[in-house]
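Taking it in order: structure first as structure tokens, then the write-up.
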Amino acid sequence: MDSLGSELSKYLLLAWLLPLIGFAVEVLGGYWGNRQDKRAAYLAIACIGAGFLLSSFTFYRWGTETHWQAFAGSVSESGHASVADPSGSDGHEKPDAAHHPHKAAGTETTHGTPGHSETAGAHDDAAHHSPGPSYSGTFYTLATFGSLTLSIDYYIDSLTILMFCMVTLIATCIHIFAVGYMSDELTDEYVDHSAHTSDGHHVHRPGRFHRFFAFLSLFCFSMLGIVLAGNIFQVFVFWELVGISSFLLIGFYTERKSANVAANKAFIVNRVGDFGFIIGLMILWTYCGTFSFGDQDLNGHEQPGLFSMIRGSDGEITTVGDDVILKTVGHNGHWEAPHEGESNRTLPYFLLVIAGLGVFGGCVGKSAQFPLQTWLPDAMEGPTPVSALVHSATMVAAGVYLAARFYPVFTTEVLLTIAYIGCITLFIAATIAVVATDIKRVLAYSTISQLGYMMLAIGLGGWAAGLFHLITHAFFKSLMFLCSGSVIHGCHHEQEMTKMGGLRHKMPITAYTMLIGVIAISGLAIPGSAALIGFPIAFSGFHSKDAIVATALAYTSLNPIHFLLFLTPLVTAGITAFYMFRLWFYTFTGKPRDEHIYSHCHESPAVMCMPLVVLALFAAGCAFGGENGPLYHMIGNSEPLGVASGVEAGGAAGVALPSHHAIHEVHGTAGVVALLAAGLGTIVAFLLYCRPVVDPESIKRQFSGVHGFLVEKWQFDNLYDVAFVRPSHIVGRWCATFDKEVLDGILHSTARTAIWIGTIDRKFDETIVDGLVNVVGNVTRSVGMSLTVFQTGRIRQYVMFIAISVVALFALLFAFMPKA
Amino acid sequence: MDAVSLNYVLAIGAVLFVCGVICMTTKRNGIGILMGVELVLNGANLNFVAFSRYTSLGLDGQVVSLFVIVLAAAEAAVALAIALNFYNNHLTIDVDRGDELHG
Chain A
336 MDSLGSELSK YLLLAWLLPL IGFAVEVLGG YWGNRQDKRA AYLAIACIGA
386 GFLLSSFTFY RWGTETHWQA FAGSVSESGH ASVADPSGSD GHEKPDAAHH
436 PHKAAGTETT HGTPGHSETA GAHDDAAHHS PGPSYSGTFY TLATFGSLTL
486 SIDYYIDSLT ILMFCMVTLI ATCIHIFAVG YMSDELTDEY VDHSAHTSDG
536 HHVHRPGRFH RFFAFLSLFC FSMLGIVLAG NIFQVFVFWE LVGISSFLLI
586 GFYTERKSAN VAANKAFIVN RVGDFGFIIG LMILWTYCGT FSFGDQDLNG
636 HEQPGLFSMI RGSDGEITTV GDDVILKTVG HNGHWEAPHE GESNRTLPYF
686 LLVIAGLGVF GGCVGKSAQF PLQTWLPDAM EGPTPVSALV HSATMVAAGV
736 YLAARFYPVF TTEVLLTIAY IGCITLFIAA TIAVVATDIK RVLAYSTISQ
786 LGYMMLAIGL GGWAAGLFHL ITHAFFKSLM FLCSGSVIHG CHHEQEMTKM
836 GGLRHKMPIT AYTMLIGVIA ISGLAIPGSA ALIGFPIAFS GFHSKDAIVA
886 TALAYTSLNP IHFLLFLTPL VTAGITAFYM FRLWFYTFTG KPRDEHIYSH
936 CHESPAVMCM PLVVLALFAA GCAFGGENGP LYHMIGNSEP LGVASGVEAG
986 GAAGVALPSH HAIHEVHGTA GVVALLAAGL GTIVAFLLYC RPVVDPESIK
1036 RQFSGVHGFL VEKWQFDNLY DVAFVRPSHI VGRWCATFDK EVLDGILHST
1086 ARTAIWIGTI DRKFDETIVD GLVNVVGNVT RSVGMSLTVF QTGRIRQYVM
1136 FIAISVVALF ALLFAFMPKA
Chain B
341 MDAVSLNYVL AIGAVLFVCG VICMTTKRNG IGILMGVELV LNGANLNFVA
391 FSRYTSLGLD GQVVSLFVIV LAAAEAAVAL AIALNFYNNH LTIDVDRGDE
441 LHG
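Right, here's the structure in full:
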């Protein structure tokens, strides 16, 4: 019997490869007969839907095999007994940390500079959150170069399974939605009103329905590849694949210049982050000699994975002087640093910091964090289902996911950087969202802002809180994007909120599912419900944002100097509620601002409304129970070692990370202030846009400077334009000039010389060589011509010639022959 | 026996040869030309035989002249056939009329 790990890996492998098959068939299968054919969509939906079923089944199998221990909130020893049996047929999978769930608690360890000894948090608390089992192994080895092995690995823990379920569920909903949304592509003659030919007409082109679904399938395959990946190299490969599918989907309307520019921008900005990613990769491989996350079994010789090597089995980084000692001694998921005197492998501490920052750089690019956040709003040029799937729910979440996966490699300095980057991002994006008027752009900036929250949480040590928000955000943000897609579809591709209004009468399903999403993201709850009935009545966003704010509060109480890391997200929670409700009031309430659009708009067909309802259910209820609910416990099941106990003043930055216990203590306070902020934002939005007691226009005029600054997106695009784009244009022009003047000059003069030599050569040929040959020919000919005179055809004459010639010959002979 | 010296014989051969050449150059009749050829050949034959008779060459000259006679007979046969065909085509054996190949 296969052990659980290899069994789960087979289901997930199938779920992962199905979209690739879909993509291959859709791309290679040609045009499906005609452009009105919906078979491509059905195939894509079947692939991703089957993927979802497989993921759910994996989830079920995982749950039953572990006796749903994860949901109980603790992983007991008996729970391990059933899963931790490493006697699989593959023989190379083992629960990384299953055998020592209590090791982290109460043991004295060193971290950062030597001498900083610290004790872990409360014993019961740490045990409560000890990580569950993870399974790693290899599907297929691609190549081996010396000690470098490139392979397709898997690394499965509760987070992987959860991400699989989330991605496939959302992707299925969005695929189905896209069948309705993209239906106007089902034609042989699609007229693109936003693209113009050089003579000013609209672009006419064949519909690209099947191509859209092929790209979506490719994207799903790449995203699931990141989630399933068992080594950092594989992550990088699928990271780039996600990038290219994003590029293809943003530039889907390739005839529009803006779409092309946006696609290029997204791709190039991501390259900047990936540069750091590669540096991190190289450092880690150089010193650790492996790309693998989990421990590996190489020809019977067990080798620790990256996480084990750096954190060992106690979750701490061991340092000697300026070097980090890699933990290479041990077996079966239990790794320790070599004892003193033994040979050990070390990694300079500053390089570990650089590696962490580098990998985080990749996450910054992909998750659109400051300072690389500018590509995401422009990416809204793609069709709305793409925005929902790629640029809100999944791809941008890949950055957060990787940051979380790589948590064991990050030192406290890196975590502090992550926290501040997240903090800056969430504030900047939220402020821009306040003034944006394009419905998709508001959502785009809100996405950036929420991603900032997740990064902030991870940087603050709220590992599970960040991922909690990742999952809940994926649901409500994809819901809201699909709602906006429904609005855009209903309003015939009008995206400006200033032309909408009152739409809730025309499209009720869209309006009220959107409202669920808005409430979820704003983090609203019914005050007092927790005290009255035992648990708060709130949608998912409340729980996850609450968890983040609580982490921030606990963090700030430990590190008062970093008070901004609490204040900013708190204020931004209010701003979030404000701009989200502004969007909803603007679009769905009040009087229609544009009668033409209002009269023509209509509720979307059922194929588009059904996914909205499904996603609305999840957006509302997926975080049921908050931090005591199943979702949070399941995420916490994958939490890396040492997170639960917190860290006391480690590393050069000297920051302390709060333990779960500390976070739990301030949870009530944080919940109240976060709710206050969100409520305040909602009320302000209500007063400004729904029952206008104050005219927003007058405020806009009053603060025209600030407004302009925000409309210009904090001048980031302009700054990058001046700092990078124009200089590269100038350098480009220099290079072009150099090319034209110098290189082309050399080439041209060489060519001219060659032509000149050729001309001379030709003259020589024509006059001298040809002349000689012609002279010989002419002479021969003229001699022949002159000799024809003698050929008279008269025999008598010939005989005469012979006779005379003989006589003449003899005469000559006798005349000149020397006498013997 | 030696009353007739080699020189006389050579003189007769030369006369015969010259007569033959003159015959070839003056006759327009194809048969006449053939006869001229025979005269030239026989002039040459006479020389062979004479040198053979008056020197110590033995019978070499006679053999060559016999060979030439055979050759001349064969040549005459071919030439008469040509003449016949020429007559068939031109209804004459005037060799001056056979000048279609002149340059």
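Chains as they are written, first to last, in our numbering: chain A, 336 to 1155; chain B, 341 to 443.
Built from N, CA and C at the ideal position, the CB exists for glycine as well.
Note that the structure is predicted; figures quoted are calculated from it, not measured.
For V906/A, the enclosing alpha helix (DSSP H) begins and ends at L899 to F923. Taking a beta-carbon distance threshold of 8 angstroms, G438/B counts as an interface residue toward chain A. Contact annotation, Y780/A with L686/A: C-beta distance approximately 36 angstroms; criterion of less than 8 angstroms not satisfied. Per DSSP, G565/A is not a residue of any beta strand (DSSP E), being assigned neither H nor E. Taking G438/B as the centre and dropping the five residues before and after it, the same chain places the C-beta of F426 and H430 closer than 8 angstroms to its C-beta, in chain order.
Close to M364/B, with beta-carbon spacing below 8 angstroms, are these residues of chain A in chain order: I1130, R1131 and V1134. With a minimum length of 4 residues, the unbroken runs of alpha helix (DSSP H) contained wholly in the stretch 749 to 815 of chain A fall at 774 to 794.
For L682/A, the closest C-alpha among the options G624/A, E716/A and S934/A is that of G624/A. C1070/A sits exposed, since fewer than 16 C-beta atoms from the chains shown fall within 10 Å of its C-beta. Taking the C-beta atoms as reference points, G357/A is found nearer than 8 angstroms to S552/A. Residues of the stretch 1113 to 1128 of chain A with a C-beta atom less than 8 angstroms from some C-beta of chain B are L1122, T1123, V1124, F1125, Q1126, T1127 and G1128, listed in chain order.
Minimum Cα-Cα distance from I806/A among the listed residues M842/A, L859/A and Y736/A corresponds to Y736/A.
In the three-state reduction of the DSSP assignment, I491/A falls in the strand class. N382/B is classed as buried because its beta carbon has at least 16 other beta carbons within 10 Å across all chains shown. DSSP places S980/A in the coil class of the three-state scheme, outside both helix and strand.
Residue contact check for A1138/A against chain B: a CB pair falls below 8 angstroms. At least one beta carbon of chain A lies nearer than 8 angstroms to the beta carbon of L441/B.
Closer than 7 angstroms at the C-beta level to chain A, one finds these residues of the stretch 371 to 382 of chain B: I373. Under the DSSP assignment, Y742/A falls outside any beta strand (DSSP E); it carries neither an H nor an E label.
I759/A and I854/A have their C-alpha atoms roughly 24 angstroms apart. Annotated as distal: I1130/A and V408/B, with beta-carbon spacing of 8 angstroms or more. With contacts defined by Cβ atoms closer than 8 angstroms, I910/A and G1016/A form a contacting pair. In this structure, the beta-carbon distance from S344/A to Y470/A falls below 8 angstroms.
Residues of chain A whose Cβ lies closer than 8 angstroms to the Cβ of V355/B do not exist; the shortest such Cβ separation is about 15 angstroms.
Inclusion of V577/A and A733/A in the CB contact set at 8 angstroms is warranted, their separation being smaller than that value. The residue among W397/A, I491/A and F544/A with its C-alpha nearest the C-alpha of E974/A is I491/A. Across the structure, I1095/A and L1078/A are spaced so that their CA atoms are roughly 26 angstroms apart. If you draw a 10 Å sphere on the C-beta of E361/A, you find 16 or more other C-beta atoms in it, and that means buried. The residue from T653/A, M790/A, S627/A and L778/A with its alpha-carbon nearest to that of G700/A is M790/A.
The shortest C-alpha to C-alpha distance from V1008/A to any of G608/A, L497/A, A887/A and V1142/A is the one to A887/A. The contact set of V361/B on chain A, defined by CB atoms closer than 7 angstroms, consists of V1134 and A1138 in chain order. When secondary structure is reduced to three states using DSSP, S486/A falls in the strand class. Look at H937/A here: in three-state DSSP terms it is coil, with no helix or strand label. The beta carbon of T729/A lies closer than 6 angstroms to those of V502 and M558 in the same chain, with the five residues before and after it left out. If you look at P354/A, you'll find it in the alpha helix (DSSP H) that goes L339 to L363.
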